[in-house]
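Numbering (this note's numbering), first residue to last: 980 to 1094.
Some notes on the structure that comes next.
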Amino acid sequence: MEMQCGNSGISYQPSIIKNVIGNLEEVTLIRAALAMCITSVNFTYSELFNGVGSVSFMGFVYAAVISKLQSPSPNVIIRAIQNDWYYCFLVPLTLPILLVAVYFHWLSMKLFKHA
980 MEMQCGNSGI SYQPSIIKNV IGNLEEVTLI RAALAMCITS VNFTYSELFN
1030 GVGSVSFMGF VYAAVISKLQ SPSPNVIIRA IQNDWYYCFL VPLTLPILLV
1080 AVYFHWLSMK LFKHA
């Protein structure tokens, strides 16, 4: 009996796993082979998070900057994004608050260190 791991072309034979792991039942051997298949996937969560973050950033840049530079659109959704000025003011006004938060974080760590 041989198990294939999807399209990867990697195959695992329970008899080889049995020789490596020891004397186990057939169900346990199949579970071990499936675990090997799952760990052989080349996809990581960091790629997923980088992709989602990049798409979110590009959506924000479009809503805050690019849509304001385009001519008025006949599409209702794009016209609503073009007429919305919330995000254009949100990021510049967030920077001073961020600086105050960083200062208070530094101050609290300094006081905790010397307490």
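We treat Cβ as the ideally placed atom computed from N, Cα and C, and that holds for glycine.
Problem set entry | Reduced DSSP secondary structure (H/G/I, E/B, other) of Thr1023 | coil
Exercise. Helix or strand or just coil, what does DSSP make of Gln1061?
Worked result: helix
Exercise. In chain order, what residues of the same chain lie with their CB nearer than 7 Å to the CB of Trp1064, ignoring the 5 residues before and after it?
Worked result: none
For this session: Counting only the same chain and skipping the five closest in sequence on each side, list residues whose C-beta sits under 6 Å from that of Ser1046.
Result: Ile1060, Gln1061
Problem set entry | Coil, strand or helix - Asn1029 by DSSP | helix
Exercise. From Val1031 to Ser1050, what does the alpha carbon distance come to, in whole angstroms?
Worked result: 28 Å
Exercise. CB-CB under 6 Å to Ala1042, same chain, minus the five flanking residues each way: which ones, in chain order?
Worked result: Ile1060, Tyr1066
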